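Visitor:
Residue numbers (this note's numbering): 110 to 532.
1. Which residue marks the beginning of the alpha helix (DSSP H) containing residue 304, and which one marks its end?
2. With residue 490 as the anchor, note down where its alpha helix (DSSP H) starts and where it stops.
3. To which residues of the same chain is residue 153 closer than 6 Å at the C-beta, ignoring the five residues directly before and after it?
4. According to the neighbour-count rule (16 or more other Cβ atoms, all chains shown, within 10 Å of its Cβ), is residue 385 buried or exposed?
5. Helix, strand or coil for residue 320? Go by DSSP, reduced to three states.
6. Given a cut-off of 9 Å, decide if residue 172 and residue 159 are closer than it, judged by their beta-carbon atoms.
7. Put residue 478 into one of helix, strand or coil per three-state DSSP.
8. In whole angstroms, what separates the C-alpha of residue 473 from that of residue 280?
9. Report the residue from 166, 157 and 170 whose alpha carbon sits nearest the alpha carbon of residue 184.
10. What first and last residue would you give for the alpha helix (DSSP H) that runs through residue 269?
11. In whole angstroms, give me the CA-to-CA distance for residue 422 and residue 508.
12. Does residue 229 come out as helix, strand or coil in the three-state DSSP assignment?
13. To which residues of the same chain is residue 192 closer than 6 Å at the C-beta, ignoring the five residues directly before and after it?
14. Helix, strand or coil: which one does DSSP assign to residue 160?
15. Report back the beta-carbon spacing between residue 292 and residue 485 to the nearest angstrom; my notes put them in contact at under 8 Å.
16. Exposed or buried, which one is residue 461 when buried takes at least 16 other CB atoms within 10 Å?
17. Report the rounded CA-to-CA distance for residue 110 versus residue 428, giving the unit in angstroms.
18. Go through its chain and collect everything with a Cβ distance to residue 400's Cβ below 8 Å, but skip five positions before and after it.
19. Got a sec, what are the start and stop residues for the beta strand (DSSP E) residue 300 sits in?
20. CB-CB under 7 Å to residue 304, same chain, minus the five flanking residues each way: which ones, in chain order?
21. So what's residue 188 in DSSP terms, helix, strand or just coil?
22. Grab the span of the beta strand (DSSP E) containing residue 201 for me, first residue to last.
23. Beta-carbon within less than 6 Å of residue 506's beta-carbon, same chain only, minus the 5 sequence neighbours each way: which residues are those?
24. Since residue 384 is in the beta strand (DSSP E), which residue starts that stretch and which ends it?
25. Quick one: Cα of residue 320 to Cα of residue 345, how far?
26. Let me make sure I understand the geometry here. Which of 316, 494 and 370 has the alpha-carbon closest to that of residue 413?
27. Which residue wins for smallest C-alpha separation from residue 524, given the options 283, 453 and 208?
28. Per DSSP, which one or two residues make a beta bridge with residue 357?
29. If you drop the 5 nearest sequence neighbours on each side, which residues of the same chain put their C-beta closer than 6 Å to that of residue 391?
30. Under DSSP, the beta strand (DSSP E) around residue 246 begins and ends at which residues?
31. Could you tell me the alpha carbon to alpha carbon distance between residue 342 and residue 453, rounded to whole angstroms?
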């Protein structure tokens, strides 16, 4: 006979995740609070930094799209920092003659020391331009496959007219979402993480991402990126610790490529999970910080502790499932017909709770974004539990790498470029 404690624990583990997703889905329709109106219309100037390593498939289009974001109100320069590419990236960049393009070629031994080090060198280069007003110069970061929405810089400018805001993160969409796997990634970024960031915008705990982050040059003069595997999120943590406001907007979005196969997805998510494991050392500082509100602190603690908790929780949950199966089998031996209704009800409840979050996010995707047929959104929702399982497996891998002190990662290859811009 199974005891009451395992039963209660299993119910809690089953119910909390769908409940959390339903609560988050409600924030999909939240509109970020607008900044205070300002009479002055003095333009901000933008430096868009594109860290690059072997991006021959996408770099020309990425640079063209980044340069096209400029306007008289938001003049833009693009800085590509090439991290010792050994494909045709350098030759392609040499063939672009726009004077607004700046290129830094990193050479050994400084080359390939991580994205954070590349960004720091790019920031030093921008700060050397003494004619720039640091308070009215904004540094944006796009990945090699990043495609900003047409008025992205204008939307960022609206936020930064509030002088108390030091950084802005834009929303993310997946461009090449023809496959179900890519659509699942768009489900994650386009609606689920969008809802999380909208909630964080309310709590004061917005995280920065590698694609679509914009930071005042005056802020960057006092900070640098670390060698963390999630240097963007770690950077945001330090901003929050010092009371620098970070905002989120989904009125501006960056399109990026989705990963086309599971092995590359697992490698990427393991890197992110390991980076979050690295960031856990900030927990004591977050708890002590007077600049971090209690609601924001709770969100930070959940984000930083969850990767550490995923491995033991997955073991506990698997054990409870096995115990339930064994107990049920033993109890129904020779009496299957009598127990059949209870078995069917329990199975139906399990399946309902298992598939509910994905189906909710599929419906939100269709209602909020409207650019995918309902049948595809629901199909992605049905596949969502498998997508989450990939995240659990990736966290196991991240934990193993963390314990064995393995921090190096191979770059993920791009797929052939498509000229798609985030909407």
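Glycine included, each C-beta is placed from N, C-alpha and C at the ideal position.
A quick note: this is a predicted structure, and the numbers were derived from the prediction, not measured.
Guide: The short version:
1. 303-312 is the span of the alpha helix (DSSP H), which, as asked, contains residue 304.
2. Its alpha helix (DSSP H) spans residues 483-512.
3. Residues of the same chain with a CB within less than 6 Å of the CB of residue 153, apart from the 5 flanking positions on each side, are 245, 247 and 266 in chain order.
4. For residue 385, the number of other beta carbons within 10 angstroms of its own is at least 16, and it is reported as buried.
5. The answer is coil: DSSP assigns residue 320 none of H, G, I, E or B.
6. Closer than 9 Å, so yes.
7. Secondary structure at residue 478: coil, using DSSP grouped into helix, strand and coil.
8. For the pair residue 473 and residue 280, the Cα-to-Cα distance works out to about 16 Å.
9. Per the Cα distances, 157.
10. In the DSSP assignment, residue 269 falls within the unbroken alpha helix (DSSP H) covering 261-269.
11. Their backbone Cα atoms lie some 13 Å apart in a straight line.
12. Under the three-state reduction of DSSP output, residue 229 falls in the helix class.
13. Excluding residues within five positions, the ones whose Cβ falls inside 6 Å are 162, 215, 220, 221 and 227.
14. It is a strand residue.
15. Confirmed, Cβ separation roughly 6 Å.
16. Residue 461 is exposed by the Cβ-count criterion.
17. Legend: pLDDT at residue 110 = 47, less than 50; position of this residue unreliable, value from coordinates given subsequently. Using only the alpha carbons, I get a separation of about 15 Å.
18. Take residue 400, set aside five residues on each side of it, and the residues of its chain with a beta-carbon closer than 8 Å to its own are 349, 350, 351 and 352, in chain order.
19. Run containing residue 300: none; DSSP gives neither H nor E here.
20. Closer than 7 Å at Cβ, skipping near neighbours: 133, 134, 136 and 137.
21. Here residue 188 sits in strand by DSSP.
22. Careful: residue 201 lies outside any beta strand (DSSP E), inside the alpha helix (DSSP H) at 198-203.
23. The beta carbon of residue 506 lies closer than 6 Å to those of 379 in the same chain, with the five residues before and after it left out.
24. In the DSSP annotation of this structure, residue 384 is not part of any beta strand (DSSP E); the continuous alpha helix (DSSP H) holding it starts and ends at 371-387.
25. About 13 Å.
26. With distances taken between Cα atoms, residue 413 lies closest to 316.
27. Nearest C-alpha to residue 524: 283.
28. Listed as beta-bridge partners of residue 357 by DSSP are 278.
29. In its chain, beyond the 5 residues on either side, 346 have a beta carbon closer than 6 Å to the beta carbon of residue 391.
30. Membership of residue 246 in the beta strand (DSSP E) is indicated by the continuous run 246-250.
31. For residue 342 and residue 453, the distance between alpha carbons rounds to 44 Å.
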